Every structure is written in C-alpha cells, then in structure tokens.
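Each residue of the sequence shown is one higher than the one before, counting from 142 in my numbering. For each residue, glycine too, the CB sits at the ideal point set by N, CA and C. None of these values were measured; they are calculated from a predicted model. The structure appears below as structure tokens.
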Amino acid sequence: MGLFDVFKKKDFEAKELLEMHETKELNDKAFLKAFAKVELYYTTPFGDHKDGSQRLFVLPGPDETGYIPVFISEKDMREYYEQAGRKDYLIMKGPFISIIETTSETNKRNTPVKLGLLIDPIKYKITLDAPMVNPAIRMIRR
C-alpha cells in the first residue's frame with residue numbers, strides 16, 4: 142500500500158498534514174496533493190490598518206513578490222491580523238486549491254507585486270512562491 146492509498150483511506154486534518162510535512166514524512170509534492178482540499182481561512186491582501194491608512198497585507202518576498210498568509214483556523218487568523226494592525230477585513234474560507242487558483246488568476250493581471258502563499262505564518266511558515274503557483278496547480282491536478 143502506497144502513501145496515496147493511505148490518504149484515500151483516512152481524512153487527515155490540516156495540522157496533521159503540516160506536521161507530516163515538517164517532519165519530512167511528506168515531500169512537497171505529496172503535501173500539496175494531500176493539502177489541496179483542506180479548508181483554510183484567508184482574506185484579501187489589501188485593506189485598512191488601525192492607523193487609518195490602507196496597505197498591502199502581504200509578507201515581502203524576493204523580486205517584487207509577496208506572500209498572502211492563509212490559516213488553518215479563524216482564531217489564528219484573527220490573532221495574526223491583530224498583531225499586524227489590520228482592521229475591518231472579510232474572513233473567507235475555502236479549499237487550498239481554490240486559493241491557489243485565485244492567486245494564479247490575480248498574478249495574470251498587471252499588478253505591482255506577484256503573489257505566493259504562506260501557510261500558517263506563525264508556526265509552520267510553508268511557502269508557495271509566486272513562480273511555483275501554476276506548477277503547483279498542475280501537480281495537484283495530475
């Protein structure tokens with residue numbers, strides 16, 4: 142029985158998959174395939190700061206890229222944005238693959254920053270760099 146057969150027989154929780162990736166039980170490809178259907182919390186990257194200004198709430202990456210944080214719990218998301226000083230934001234929830242696909246569509250537009258994703262920016266800090274968004278979609282869909 143292969144690793145993917147195990148995934149078909151058991152529904153893994155997001156935290157279990159993150160732990161398995163962190164301990165190298167799952168390589169990046171296996172992690173992405175298993176994590177694709179996990180429901181995550183996220184919001185739009187642009188919003189209001191508590192100081193009254195508007196800003197892009199992404200973590201900076203190399204070469205005019207940034208990472209949109211996504212979270213495994215609403216509580217984690219609220220804590221993160223409280224620390225970042227963000228206010229009045231919409232909380233959305235959806236499968237990771239949908240978030241990746243939306244990020245891909247956003248990156249096709251003429252935007253000043255190309256976006257990747259950062260899963261659980263407080264503990265796990267797993268990144269999907271902007272140039273890897275489309276390859277990740279193809280890998281998951283195979």
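Check, Outcome
"Close Cβ partners of Met280 (< 8 angstroms) along its chain, the five nearest in sequence each way excluded", "Lys170, Leu173 and Lys174"
"Bridge partner(s) assigned by DSSP for His190", "Arg227"
"Asp261 burial status per 10 Å Cβ neighbour count (16 or more: buried)", "buried"
"Which of helix, strand or coil DSSP assigns to Pro272", "helix"
"Through-space distance from Tyr208 to Ile267, alpha-carbon basis", "10 angstroms"
"Buried or exposed (CB count within 10 angstroms, at least 16 for buried), Leu181", "buried"
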